[in-house]
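A quick write-up on the structure given underneath.
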Amino acid sequence: MKINDRIFWANTKALREERGWTQPEISEKLGINHRSYNNLERGFASKMPKDLAKKIADLFETSIEALSTGEEPEPLVDPEIVNFWKNAKARRESLELSQATVAERMGMSPQGYQTKEIGKASRLPNSLALKVAEALECSVEELWGNKSKSVNVVSNVNQELVVDSITEQPKETVISSGNSLYDMSHLDEPIQKFISDKENADIITKNIKDLIVQQWMNKGK
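Structure, rendered in structure tokens:
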């Protein structure tokens, strides 16, 4: 019979805890590495080894069928996080980048990035989400692909008008919200020049978007 891994391991965990066994103890009884068992029980195995399933069933004096029967537990990883990494993978592949290249851009190990991209990470800090977006040259909201986690931060900003205003009035406009203008006279001259340069418009827009998204997501904590 086909084994439902998630049901099997949920039942195994329940029986283990019922007997008061720790993961290291059951690992020793089964003759496998504790870390390997931990990954298996948490549902991070790509395939259920049938010989191990038989050992576990024998250990608890039951059958593989019995351990594979019951209600499927809730996923260990938030579906939205899984979706984020699926979008990240699709984006990476569209750019023809390897996992190692993206990992290098993020300053982490290829193995660490791979673990996250295949859906084994249960948490996704905002700082990491921003790093992924930067490495993949896109916005955080594009990777979430979920309206509940995204903000249209520039929908009311006409970039051409903003840049034109900056050029004509180098000491006044940074961003236009409606018809109101923001004074830049308090900023250092190099910063005013940078903001006033049309070639920097994309960089400014992206940084503003990332900053607003990060602030918005921090409010939800």
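Take the sequence shown: its letter number 221 is residue 222 in the working numbering, and every next letter is one higher. Glycine included, each C-beta is placed from N, C-alpha and C at the ideal position. All figures in this text were calculated on a predicted structure; none of them were measured in a lab.
Practice task
Using three-state DSSP, classify Ile33 as helix, strand or coil.
Solution key: coil
Exercise for the section: With Ile8 as the anchor, note down where its alpha helix (DSSP H) starts and where it stops. Expected result: Asp6 to Glu19
Handout entry: Where Arg92 sits in the DSSP three-state scheme
Key = helix
Problem - At least 3 beta-carbon pairs within less than 8 Å: the segment 2-13 vs the segment 61-72 - result: yes
Exercise for the section: Would you check if there are 3 or more beta carbon pairs closer than 8 Å linking the segment 81-98 to the segment 23-32? Expected result: Contact between the segment 81-98 and the segment 23-32 is absent, with fewer than three C-beta pairs closer than 8 Å.
Exercise for the section: Following the continuous alpha helix (DSSP H) through Gly113, name the residue where it begins and the one where it ends. Expected result: Annotation: the continuous alpha helix (DSSP H) that includes Gly113 extends over Pro111 to Glu118.
Practice task
Take Met49 and list the residues in its own chain whose beta-carbon comes closer than 7 Å to its own, dropping the five residues that flank it on each side.
Solution key: Ile4, Asp6 and Phe9
Practice task
Assuming Ile196 and Ile209 form a contact by the criterion Cβ under 8 Å, report the distance between their Cβ atoms to the nearest whole angstrom.
Solution key: With 8 Å as the limit, Ile196 and Ile209 do not qualify as a contact, their Cβ atoms being about 11 Å apart.
Handout entry: Cβ-based neighbour list, Glu72, same chain, cut-off 8 Å, excluding 5 preceding and 5 following
Key = Around Glu72, the same chain offers Ile8 as residues with beta carbons nearer than 8 Å, after the five sequence neighbours per side are excluded.
Practice task
Kindly indicate which three-state DSSP category Thr23 falls into: helix, strand or coil?
Solution key: coil
Problem - Distance, Pro126 Cα to Glu105 Cα - result: 19 Å
Practice task
For Ile167, count neighbouring C-beta atoms within 10 Å of its own C-beta (all shown protein chains included) and say buried if the count is 16 or more, exposed if not.
Solution key: Confidence is the limiting factor: at Ile167 the pLDDT is only 37, short of 50, which leaves the residue's position unreliable, though a coordinate-based value still follows. Buried, since its Cβ has 16 or more Cβ neighbours within 10 Å.
Problem - Unbroken alpha helix (DSSP H) run spanning Leu144, endpoints - result: It spans Val141 to Trp145 - the alpha helix (DSSP H) in which Leu144 sits, taken as one unbroken run.
Practice task
Whole angstroms is fine: what's the gap from Met109's alpha carbon to Ala91's?
Solution key: 20 Å
Handout entry: Glu66 (DSSP reduced to helix, strand or coil)
Key = Helix at Glu66.
Handout entry: Residue from Leu96, Ala202 and Lys56 with nearest C-alpha to Ala136
Key = Leu96
Practice task
With hydrogens ignored, establish whether the beta-carbon of Ala136 is closer than 8 Å to any heavy atom of the ligand HEM.
Solution key: Ligands displayed in this structure: none; no statement on the ligand HEM is therefore possible.
Exercise for the section: Look at the Cβ atom of Ile82, then the Cβ atom of Gly44, and state whether they are nearer than 9 Å. Expected result: no
Handout entry: 6 Å Cβ shell around Ser28 - same chain, five flanking residues per side excluded
Key = His35 and Tyr38
Handout entry: Span of the alpha helix (DSSP H), counted from its first residue to its last, around Lys132
Key = Asn127 to Ala136
Handout entry: Classification of Arg93 by the beta-carbon crowding that lies within 10 angstroms, buried from 16 upward
Key = buried
Exercise for the section: Check whether the Cβ atoms of Gly32 and Lys56 lie closer than 9 Å to each other. Expected result: yes
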